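Reviewing the structure listed below.
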Amino acid sequence: MRRGKDAKRKENRNSGDSHFQTATHLSCYASGLLRIQLTTNFMTTSVTESEINQESARLMALGLHSKCVEGRRDHIAALTLKINRLKKEKNAVICAHVYQVPEIILGIGDFVGDSYKLADDSRGTAADIIVFCGVRFMAETAAILNPSKKVYIPSLDAGCSLSESVKAEDVRALKAAHPGAPVVTYINTSAEVKAESDCIVTSANAEKILRRIYEKNKEVIFIPDKFMGANLAKVLAKKPGEDMILWNGTCVVHEHFDARVIALYRKNYPGLAVLAHAECPSDIINAVDYMGGTGDMMRYVENTNAPAYLLVTECGFGELARIKFPDKNFIAMCRLCPYMKAVTLENVLQTLENPSKEKLVTVPPDTADKARVAIEKMFKLAA
Ligand code: 13P
Ligand code: SF4
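If you're matching positions, the sequence shown starts at 16 in my numbering and goes up one per residue.
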């Protein structure tokens, strides 16, 4: 989606894991070998100093040399080493959304990307286990698409304000109030809501799919993000409330940016390219050069040459952009998603070592079957 000005175009680390405590201890062994012990409630494992040094070097070569991991590098290396070993042993893969911390994305991620790419990638894996470093609706989507595999979410706190804003009964009420209007549902929703929907969309394909759906329909129900809905309605020249029936959901990260700050940055950085996620309110979108999902935004940065970029989205995206494009200049304007940041290397390790029943993401088969039809429709219409 290219829109905006020019285009008119808790955190509670290991919580939900409150039964799980991680501690690190440095100790020298009689042999003179330095070991870092990672102690969990479940098991203790150790890795040698030379293994940690090698892993540190690997992580540095991947770009994990920013100041924010300084002082924690050995700890991170010990965790990624162990996680990567366990992945092999258990035939597991890790899907990592771009809002995750860099040590997860670079250190242990097998599939990295936006919600569309991760859903698509999950379908192609031969692994027996998928650990989803993202939020629950993403893991649920992978579980729906891969009923024979075990899908885990490392933290029970990895929810999403959009997903929590709407329930299946709300969708049934909307359908009753607007008979015949197809329900187009953002992927940031529960399996039960997806099961009540006609077609799922992500930020990567919502515009394209809605265009196709409007070819045959005058009125469409778009849930749950009222800001994304309004932004899309503008792009498609549709009237919110009439052609597009919206729900009152918002993203707690994107709803709080301030357009006045964008104006200030533009004064200070001539030529600044401003990009915002499509979940931002319309006053933000009107002030930016590009609106899109995280995949589109990353491609925009890659394919343009602005003197500086202002990224109006979750902070993990900017961290990754800095690593991927070290020669480009990024200005910070971001907010942390407490749900995305609930996933840590520690709770990923715990999930692989000894997964609790609660972290196994399951969807009742009849719900999954209905939701899968709406997700498959997305793949078909997005192609
Ligand atoms: P993307 O699909 O654009 O990565 O968005 C997911 C999300 O949760 C944004 O807040
Ligand atoms: Fe949900 Fe917003 Fe977090 Fe994305 S950034 S997972 S939409 S709360």
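Glycine residues also receive a C-beta, built at the ideal position from the N, C-alpha and C atoms.
Just so you know, these numbers come straight off a predicted model, no measurement behind them.
- Cβ-Cβ distances below 7 Å link G333 to L326, F345, A347 and C349 in the same chain, with the five nearest sequence neighbours on each side left out; the list follows chain order.
- Distance from V146 to T359 at the Cβ level is roughly 12 Å; contact not present, criterion being Cβ atoms closer than 8 Å.
- Judged by DSSP secondary structure, H90 falls within the alpha helix (DSSP H) whose first and last residues are R88 to K105.
- Residue state for G333 is assigned as helix, using DSSP reduced to three classes.
- Secondary structure of P169 (DSSP, three-state): coil.
- Shown here, G307 sits in a strand according to DSSP, grouped into three states.
- L279 counts as exposed, since fewer than 16 other beta carbons sit within 10 angstroms of its beta carbon.
- Each of D129, S130, T217, S218, G308 and T309 has a C-beta closer than 5 Å to some heavy atom of ligand 1; these make up the full list, in chain order.
- Here the C-alpha atom of A93 lies approximately 6 Å from the C-alpha atom of I67.
- Contact between the region 136 to 144 and the region 156 to 170 is present, with at least three C-beta pairs closer than 8 Å.
- Residue environment: S170 is assigned as buried (16 or more neighbouring CB atoms within 10 Å of its CB, all protein chains considered).
- For the pair of segments examined, the region 282 to 289 was found not to touch the region 250 to 266: the number of CB pairs separated by less than 8 Å stays below three.
- Short of 6 Å from the beta carbon of K374, and not among the five residues preceding or following it, lie these beta carbons of its own chain, in chain order: Y167, I168 and T366.
- The beta carbon of E329 sits closer than 6 Å to at least one heavy atom of ligand 2.
- In this structure, E155 sits near V376, with a CB-CB distance shorter than 7 Å.
- Taking 6 Å as the cut-off, the C-beta of S170 does not count as close to any heavy atom of ligand 2.
- Secondary structure in the region 120 to 178: the beta strand (DSSP E) runs of 3 residues or longer, each lying completely within the stretch, are 126 to 128, 144 to 148 and 165 to 167 in chain order.
- In this structure, the beta-carbon distance from A302 to I277 falls below 7 Å.
- Around the beta carbon of A221, a 10 Å sphere encloses 16 or more other beta carbons of the protein chains shown; the residue is thus reported as buried.
- Contact between the region 203 to 214 and the region 245 to 252 is absent: fewer than three C-beta pairs spanning the two stretches fall below 8 Å.
- Residue pairing by DSSP places G264 opposite D240 in a beta bridge.
- In the DSSP assignment, R350 forms a beta bridge with E329.
- The Cβ atoms of G308 and Q115 do not sit closer than 7 Å to each other.
- For Y201, the secondary structure class from DSSP, reduced to helix, strand or coil, is strand.
- DSSP places L189 inside the alpha helix (DSSP H), whose first and last residues are A183 to A192.
- Short of 8 Å from the beta carbon of A107, and not among the five residues preceding or following it, lie these beta carbons of its own chain, in chain order: L101, A142, D143, I144, I145, V146 and L367.
- Boundaries of the alpha helix (DSSP H) around A278: A274 to N283.
- For Y284, the CB contacts under 6 Å within the same chain, skipping 5 residues up- and downstream, are A323 in chain order.
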